[in-house]
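Numbering (the numbering used here), first residue to last: 246 to 725. The beta carbon of each residue, even a glycine, is placed where N, CA and C say it ideally should be. Source: prediction; values computed, not measured. Notes to accompany the following structure.
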Amino acid sequence: MDPESFKDFAKEMADFIANYLENIRDRRVLPTVEPGYIKPLLPSEAPQTPERWEDIMGDIERVIMPGVTHWHSPRFHAYFPTAQSYPAIVADMLSGAIACIGFTWIASPACTELEVVMLDWLGKMLDLPKEFMACSGGKGGGVIQGTASEATLVALLGAKAKKIRQVKEEHPEWSDTEITGKLVAYASYQAHSSVERAGLLGGVQFKLVDVDAKYKMRGDSLAEVIRQDKEKGLIPFYAVATLGTTCSCAFDRLDEIGPVCNKEEIWLHVDAAYAGSAFICPEFRYLMKGIERADSFNFNPHKWMLVNFDCSTMWLKDPTYVINAFNVDPLYLKHDMQGSAPDYRHWQIPLGRRFRALKLWFVLRIYGVENLQKFIRGHVALAKEFEQLVLTDSRFEIVAEVVLGLVCFRLKASNDVNETLLKRINGAGFIHLVPSKINDTYFLRLAICSRFSEKKDIENSWKEIKLRADEVLEEQSVSK
Numbered sequence: 246m247d248p249e250s251f252k253d254f255a256k257e258m259a260d261f262i263a264n265y266l267e268n269i270r271d272r273r274v275l276p277t278v279e280p281g282y283i284k285p286l287l288p289s290e291a292p293q294t295p296e297r298w299e300d301i302m303g304d305i306e307r308v309i310m311p312g313v314t315h316w317h318s319p320r321f322h323a324y325f326p327t328a329q330s331y332p333a334i335v336a337d338m339l340s341g342a343i344a345c346i347g348f349t350w351i352a353s354p355a356c357t358e359l360e361v362v363m364l365d366w367l368g369k370m371l372d373l374p375k376e377f378m379a380c381s382g383g384k385g386g387g388v389i390q391g392t393a394s395e396a397t398l399v400a401l402l403g404a405k406a407k408k409i410r411q412v413k414e415e416h417p418e419w420s421d422t423e424i425t426g427k428l429v430a431y432a433s434y435q436a437h438s439s440v441e442r443a444g445l446l447g448g449v450q451f452k453l454v455d456v457d458a459k460y461k462m463r464g465d466s467l468a469e470v471i472r473q474d475k476e477k478g479l480i481p482f483y484a485v486a487t488l489g490t491t492c493s494c495a496f497d498r499l500d501e502i503g504p505v506c507n508k509e510e511i512w513l514h515v516d517a518a519y520a521g522s523a524f525i526c527p528e529f530r531y532l533m534k535g536i537e538r539a540d541s542f543n544f545n546p547h548k549w550m551l552v553n554f555d556c557s558t559m560w561l562k563d564p565t566y567v568i569n570a571f572n573v574d575p576l577y578l579k580h581d582m583q584g585s586a587p588d589y590r591h592w593q594i595p596l597g598r599r600f601r602a603l604k605l606w607f608v609l610r611i612y613g614v615e616n617l618q619k620f621i622r623g624h625v626a627l628a629k630e631f632e633q634l635v636l637t638d639s640r641f642e643i644v645a646e647v648v649l650g651l652v653c654f655r656l657k658a659s660n661d662v663n664e665t666l667l668k669r670i671n672g673a674g675f676i677h678l679v680p681s682k683i684n685d686t687y688f689l690r691l692a693i694c695s696r697f698s699e700k701k702d703i704e705n706s707w708k709e710i711k712l713r714a715d716e717v718l719e720e721q722s723v724s725k
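Laid out in structure tokens, this is it:
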């Protein structure tokens, strides 16, 4: 493809993207295709000769769009949001054009240095303690991981390396294998599945701690489990506090958990994958009270801060243990500037890394902090609006406190009836929800996800839910 064809292709794609997003309300949220739908639409082998880009553009609607779930529709309320914006899309174009693999500073100095500065910018927006930031002049600093799952695993492996070193100082006769067999980590049983998976990948035991009536992990509950494990000869080394759980957007009591972890010399990692974006607004920072006690902190701008996937930001007060845990240093990766700037290959699981800081830079500059705050506040207001709509109908109940952009609700009926309601809603395809279950109570989750969402969209989604509830309850009445 020559430069002129590229410019024509890119302009056509830009027009397609803008038209798709500005008219996304017109599309059914959930596709109706069956597994395997795409195979009959494509040749059995790759083309031997070049095809025209115009033909590829034509195939987007024919082949791809019928199988797309439209995550950015204002009627998509499943999971948590995944962020997206025009500045981030353009930044990813530039990243793709530069196409560097920034595993060391010398591999692309701009890739590393922009990331350092952007993580400081973002840390200041959150009002993180200065110990987390490179600009403090201390050990701390930030890094962009691919996902919160990676951040949780990286922190666990750093904590594991740190604890093994500490234990060996006291028991030099113990092998790494013996020590690892005694290590135990902790999180709320409401923590994301990736937290428990990090334990499996790290080869350590992971204990899930009970929560209180508001689904929060408390300091006294954690302390009691730690006490019991120490009596059994286990070695507590790592704990994850979740700020904004997936099931119900509950917030573990970081201010209680932190002192327990500090006293027991346990690495405390904070997973704020969804909720962390809200902390750019001062009125939500009470939810991260106690953050100064943490060793590492992570949230996903790619969830709720208009930065396209993947961009999971992580800060460490002392990355030394992570760097040492991952330090494999072949001659071909060495360079003369080692030690004067971070080599981010030591801060992550993979070697290669894209120029992800560009999209953070573009979004922060083109939106500005004020507009990002306005966006977050708008979503929270819409969630509160939906909560009030639910409360106007005595057939429904709110299951968990509405703090940010998630509303958990259900019919005042059996789990089976609520499950039937969800199937009816998703089957109709006008809106998309997913369920959750806590303490054997099945409920529906409605998340405000789209940057296009308005009050009218929430009202229309509620009308759809009520319509399907009418159908289900009428059928239940007839069957009796």
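N-terminal and C-terminal residue of the alpha helix (DSSP H) that residue i is part of
i: Val608; result: 602-636
i: Gln473; result: 464-476
i: Trp512; result: Not the alpha helix (DSSP H): Trp512 falls in the beta strand (DSSP E), residues 512-516.
i: Asn268; result: Counting along the chain, Asn268 falls outside any alpha helix (DSSP H), and DSSP gives it neither H nor E.
i: Tyr531; result: No alpha helix (DSSP H) holds Tyr531; DSSP gives it neither H nor E.
i: Ile568; result: 565-570
i: Leu398; result: 393-415
i: Pro354; result: 354-371
i: Met378; result: Premise fails: Met378 is in no alpha helix (DSSP H) and is neither H nor E.
i: Glu299; result: 298-304
Which of helix, strand or coil DSSP assigns to residue i
i: Tyr483; result: strand
i: Leu287; result: coil
i: Asp455; result: coil
i: Leu576; result: Residue confidence for Leu576 is low, a pLDDT of 45 falling below 50, so the modelled location carries little weight; the figure read from the coordinates is stated next. Looking at Leu576 - three-state DSSP - the assignment turns out to be helix.
i: Ala342; result: helix
i: Arg713; result: helix
i: Gln593; result: coil
i: Ile220; result: For the chain, the structure presents residues 246 to 725; residue 220 sits outside this window and is missing.
i: Ala233; result: Shown here, the chain extends from 246 to 725; a query on residue 233 therefore has no answer.
i: Ala692; result: strand
i: Leu275; result: coil
i: Phe554; result: coil
i: Glu257; result: helix
i: Glu249; result: helix
i: Glu699; result: coil
i: Ser706; result: helix
i: Thr665; result: helix
Cα-Cα separation between residue i and residue j, rounded to whole angstroms
i: His416; j: Asp337; result: 50 Å
i: Asn705; j: Ile643; result: 19 Å
i: His437; j: Leu286; result: 37 Å
i: His677; j: Lys711; result: 14 Å
i: Ser722; j: Gly672; result: 21 Å
i: Gly521; j: Ala291; result: 43 Å
i: Tyr265; j: Val635; result: 31 Å
i: Val505; j: Leu551; result: 35 Å
i: Leu513; j: Ile480; result: 15 Å
i: Ile309; j: Ala645; result: 37 Å
i: Asp365; j: Gly444; result: 29 Å
i: Leu576; j: Pro248; result: Caution applies to Leu576, whose pLDDT of 45 falls short of 50 and renders its modelled position unreliable; the model cannot decide the point.
i: Gly281; j: Glu306; result: 17 Å
i: Asn543; j: Gly385; result: 14 Å
i: Arg601; j: Leu339; result: 10 Å
i: Asp378; j: Val361; result: The sequence shown places Met at residue 378, not Asp. The alpha-carbon atoms of Met378 and Val361 are separated by roughly 9 Å.
i: Thr327; j: Ser394; result: 15 Å
i: Thr294; j: Ile703; result: 49 Å
i: Asn663; j: Lys708; result: 17 Å
i: Ala255; j: Gln618; result: 32 Å
i: Gly448; j: Val470; result: 20 Å
Counterpart residues of residue i in DSSP-defined beta bridges
i: Trp549; result: Its beta-bridge partners do not exist; DSSP assigns none.
i: Lys682; result: Tyr687
i: Tyr726; result: No information on residue 726 is available, as it lies outside the stretch 246 to 725 that the chain covers here.
i: Ala520; result: Per DSSP, none; premise fails for Ala520.
i: His677; result: Phe321
i: Ser541; result: His514, Leu561
i: Phe496; result: Leu488
i: Gln450; result: Val429
First and last residue of the uninterrupted beta strand (DSSP E) at residue i
i: Gly387; result: 386-390
i: Ser774; result: This structure leaves residue 774 out entirely; the chain is present only between 246 and 725.
i: Ala430; result: 428-433
i: Val652; result: 651-656
Open item on the list: Pairs of beta-carbons, one from the region 647-654 and one from the region 617-635, closer than 8 Å: are there three or more?
Closed with: yes
Open item on the list: Using a Cβ distance threshold of 8 Å, determine whether the region 367-375 contacts the region 522-530, with at least three qualifying pairs required.
Closed with: yes
TODO: State whether the region 527-538 contacts the region 557-567, with contact taken as three or more CB pairs (one from each stretch) at a distance under 8 Å.
DONE: no
Task: At least 3 beta-carbon pairs within less than 8 Å: the region 481-490 vs the region 421-432 - done: yes
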